[in-house]
Amino acid sequence: MTIDSKKVDIQKENVTEDAKKRSQWLEVWRRLKQNKSAMVGLAIIMVLILSALFADIIAPFGIDDQNLMNALQKPNSTHWFGTDNFGRDIFSRVVHGSRISLQVGFIAVGIAMITGGILGAIAGYYGGRLDNFIMRMMDILLAIPSILLAISIVAALGPGLSNVMIAVGISSIPSYSRIVRASVLTLKDQEFVEAARAVGANDVRIIGRHIIPNSMAPIIVQATLGVAGAILSAAGLSFIGLGIQPPTPEWGAMLSSGRQFIRDYPHMTAFPGLVIMITIFGLNLLGDGLRDALDPRLKN
Amino acid sequence: MHKYILRRLLMLIPVILGVTFIIFTMMYFTPGDPARIMLGEAAAEADVIRLRAELGLDDPFLVQFGRYVKDAVVHQDIGRSYTTKRPVLELIMTRFPSTLNLAALGIMVAVIIGIPTGIISATKQYSLFDNVAMVVALLGVSMPNFWQGLMMILVFSVYLGWLPSSGFNTPAHMVLPALTIGTSTAAIITRMTRSSMLEVIRQDYIRTARAKGQVESKVINRHALKNALIPIITVIGLQFGYLLGGAVLTESIFAVPGVGRLMVDSIRSRDFPVVQGGVLFIAVTFSFVNLIVDILYAFVDPRIRSQYK
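Shown next as structure tokens:
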């Protein structure tokens, strides 16, 4: 066989592999589309993403437009969710709050996924003492309930948006490292990995190009559910005054400031809480749907 | 079995030591001079320097960490509160019964709601009950605990006037916090019970039991539930552990004088020895709860028990 014909063969293989990958994801999408609840979840998340992107257009008022004459108005045609004690429009703040919550959710999960993923991949791929050391570190982190770990980190770093993202991200690292490690362990002795090693691919390339892409399914599911968890944790931290500080329109912080008016003006707490619940509900529906679509064997 | 328990207990030592190191490091590098916090902003610099020397705060990091561990192991002393000057362990122990009660009541609520709902859902898969239960369970998982607590206060305390909104002295005071913490956990247990039961009721031995003419209730309770219990127990145990540590928000809403609330208050007043001690205490408790859950497996499942004989 000539060198040219070899090249053609390799190109053909690449093309078929690409097509296979495409059709795999198309198959996942087809299965996901058939799942009505997952589609409801996806629709909720799309609405949320759109409202975050176009918050300036959708929100009729600014996030800090104070008007004490309009303070504590109940929901009406001008202020759909009513106003707070400073006369700020709650609907506008909730819409802008979607930016903060999505930011916290995605960045915190990004931190956890990248750090946990790298640690898990190293542990699983190299094994031995390194694996033992990394996983014992993860056991130590897992011994502290995640919300408590996040609280401790925020206590050390101080409140604020970026610190909350770091705190929530760090507290979620162990779950990603465990998932990636488990995937790497099952994949590292497969033939395609051996083949990559045989043609001289280095460890970084083997892990990054061959192992991680093949272990994406559980990571995607965990990430979707993780965004929900991160938004909830961040809202919880803000609620107890350790997270994002007012006047930033974070949903948990809004809930917290409405707490003292709950007897007479429950709308101040009801709407931000309802939006948190719908968001988490959407992410959970999508996460469950993705799990079924990516691994139909798990579907009951 | 004894060997297994002993081995697990020994394995706890490095984990607890690691947790201590992480928490100690975080608090050590937290901005702010502990001596200044204890004496107040108005204190003279000379007094602050003297107190720093007295407390050994000028010693190197590892010396301070070693002293903390030694005091904790030998004297059961995990520091003194900056604000009240009382031993941290004493402060935690006065608050722990409330946290334990709240977690236990929450788990009771969760089990009472979660297991039967999960069983019915699994046995009547795709029925109206199943669909409604699953949507409600997913909503329960999605609902922020702190918001649910506030809404319960609004309905049961403000509008209906049935139950008190804060405190933890009488059984009436415990209802709302226990329901708040329990219903979200119930949602998790329902989902786990359903999926575990669904897996088991498709097994051949269940078909055999039915073919032998066994009554359906016996098939479910004796054959299916018993075998589906392992993952359910795991979730209950893990959730109990989380409730011990994660009840911070519920304790804050209902003014429950528990460890979580003590920690939040201590963070606000920058009383870091209490925060450090609280996290350590909860992590140790959480680890022990996990160990107990692992041991419980053996009692539920003879296959696991036989491995340790």
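First to last, the sequence lines map onto chains A and B.
Residue 213 is where the first sequence starts when you use the numbering used here, and the numbers rise one by one after that.
Residue 10 is where the second sequence starts when you use the numbering used here, and the numbers rise one by one after that.
We put the CB at the ideal spot given by N, CA and C, even for glycine.
Local Cβ density within 10 Å of residue i, reported as buried at 16 or more and exposed below that
{"i": "asparagine 247/A", "result": "buried"}
{"i": "asparagine 496/A", "result": "buried"}
{"i": "leucine 26/B", "result": "exposed"}
{"i": "threonine 436/A", "result": "buried"}
{"i": "asparagine 375/A", "result": "buried"}
{"i": "lysine 133/B", "result": "exposed"}
{"i": "tryptophan 241/A", "result": "exposed"}
{"i": "threonine 103/B", "result": "exposed"}
{"i": "phenylalanine 404/A", "result": "exposed"}
{"i": "methionine 213/A", "result": "For methionine 213/A, the pLDDT reaches just 49, beneath the cut-off of 50, and the residue's location in the model is therefore unreliable, although a value from the coordinates is still provided. Per the 10 Å Cβ criterion, exposed."}
{"i": "phenylalanine 38/B", "result": "exposed"}
{"i": "glycine 499/A", "result": "buried"}
{"i": "glutamate 63/B", "result": "exposed"}
{"i": "valine 144/B", "result": "exposed"}
{"i": "proline 153/B", "result": "buried"}
{"i": "serine 175/B", "result": "exposed"}
{"i": "histidine 422/A", "result": "buried"}
{"i": "proline 484/A", "result": "buried"}
{"i": "phenylalanine 105/B", "result": "buried"}
{"i": "aspartate 504/A", "result": "buried"}
{"i": "asparagine 512/A", "result": "Its pLDDT being 45, under 50, asparagine 512/A is placed unreliably by the model, and nothing is read from it."}
{"i": "lysine 400/A", "result": "buried"}
{"i": "threonine 217/B", "result": "exposed"}
{"i": "histidine 84/B", "result": "exposed"}
Cross-chain neighbours of residue i in chain A, by beta carbon under 8 Å
{"i": "tryptophan 171/B", "result": "Simply none; closest approach about 15 Å."}
{"i": "valine 24/B", "result": "Arg348, Asp351, Ile352 and Ala355"}
{"i": "serine 296/B", "result": "Ala355"}
{"i": "isoleucine 162/B", "result": "Ile474"}
{"i": "glycine 254/B", "result": "Ile356, Pro357, Ile359 and Leu360"}
Residues that residue i contacts on chain B, provided the C-beta gap is smaller than 7 Å
{"i": "asparagine 153/A", "result": "Coverage of chain A is limited to positions 213 through 512, which leaves residue 153/A absent and any answer about it impossible."}
{"i": "phenylalanine 451/A", "result": "Phe155 and Leu258"}
{"i": "serine 364/A", "result": "Ile32, Met35, Val284 and Val288"}
{"i": "arginine 475/A", "result": "Val167"}
{"i": "arginine 471/A", "result": "Leu159"}
{"i": "phenylalanine 493/A", "result": "Leu147, Leu148 and Ser151"}
Paired residues, beta bridge with residue i - DSSP
{"i": "arginine 242/A", "result": "DSSP output for arginine 242/A lists no bridge partner at all."}
{"i": "threonine 295/A", "result": "Asp301/A"}
{"i": "arginine 89/B", "result": "Pro96/B"}
Contact with chain B by residue i, beta-carbon distance below 8 Å
{"i": "isoleucine 488/A", "result": "yes"}
{"i": "phenylalanine 303/A", "result": "no"}
{"i": "isoleucine 342/A", "result": "According to the sequence provided, residue 342/A is leucine. The question's isoleucine does not apply to it. Judged by the 8 Å Cβ criterion, leucine 342/A is not in contact with chain B."}
{"i": "phenylalanine 266/A", "result": "no"}
{"i": "phenylalanine 188/A", "result": "What the structure shows of chain A is the stretch from 213 to 512, and residue 188/A is not part of that stretch, so it cannot be assessed."}
{"i": "leucine 506/A", "result": "no"}
{"i": "leucine 244/A", "result": "no"}
{"i": "leucine 502/A", "result": "no"}
{"i": "leucine 444/A", "result": "yes"}
Closer than 8 Å to chain A by CB, residue i
{"i": "phenylalanine 38/B", "result": "yes"}
{"i": "glycine 41/B", "result": "no"}
{"i": "leucine 159/B", "result": "yes"}
{"i": "serine 278/B", "result": "no"}
{"i": "isoleucine 198/B", "result": "no"}
{"i": "isoleucine 191/B", "result": "Going by the sequence as given, residue 191/B is glycine instead of isoleucine. No, its Cβ sits nowhere closer than 8 Å to a Cβ of chain A."}
Short CB-CB distance (under 8 Å) between residue i and chain E
{"i": "isoleucine 291/B", "result": "Absent from the structure: chain E. Protein chains present are A and B."}
Chain-ordered chain A contacts of residue i [CB-CB under 9 Å]
{"i": "methionine 272/B", "result": "Leu360, Ile363, Ser364 and Ala367"}
{"i": "glycine 27/B", "result": "Arg348, Met349, Asp351, Ile352, Leu353 and Ala355"}
{"i": "glycine 250/B", "result": "Pro357"}
Proximal chain B residues relative to residue i, where beta-carbon distance stays under 9 Å
{"i": "alanine 447/A", "result": "Pro153, Phe155 and Trp156"}
{"i": "leucine 467/A", "result": "Pro153, Phe155, Trp156 and Leu159"}
{"i": "proline 478/A", "result": "Leu159, Met160, Leu163 and Val167"}
Partners in chain A for residue i, counting only beta-carbon separations shorter than 7 Å
{"i": "glycine 127/B", "result": "Result: empty, since nearest Cβ-Cβ is about 12 Å, beyond 7 Å."}
{"i": "serine 261/B", "result": "Ile452"}
{"i": "tyrosine 306/B", "result": "Within 7 Å Cβ-Cβ: nothing; tyrosine 306/B doesn't reach chain A, min ~18 Å."}
{"i": "tyrosine 77/B", "result": "Going along chain A, no residue has its Cβ under 7 Å from tyrosine 77/B, so there is no contact; the nearest lies around 16 Å."}
Worksheet item: Counting only runs that start and end within the region 138-214 of chain B, where is the alpha helix (DSSP H) found for 4 or more residues in a row?
Response: Entirely contained in the region 138-214 of chain B, the alpha helix (DSSP H) runs reaching 4 residues are, in chain order, 154-161 and 180-209.
Practice prompt. Report the residue ranges of all alpha helix (DSSP H) runs contained in full by the region 392-470 of chain A; include only those spanning at least 4 residues, in chain order.
Written response: Secondary structure in the region 392-470 of chain A: the alpha helix (DSSP H) runs of 4 residues or longer, each lying completely within the stretch, are 403-410, 428-451 and 463-470 in chain order.
Discussion item. Please give me, in chain order, every unbroken run of the beta strand (DSSP E) with length at least 3 that falls completely inside the region 236-261 of chain B.
Written reply: When DSSP assignments are scanned along the region 236-261 of chain B, no uninterrupted stretch of beta strand (DSSP E) that is 3 or more residues long falls wholly within it.
Worksheet entry | alpha helix (DSSP H) runs contained entirely in the region 26-67 of chain B, provided each spans 4 or more residues | Counting only runs of 4 or more, we get 43-48 and 54-64.
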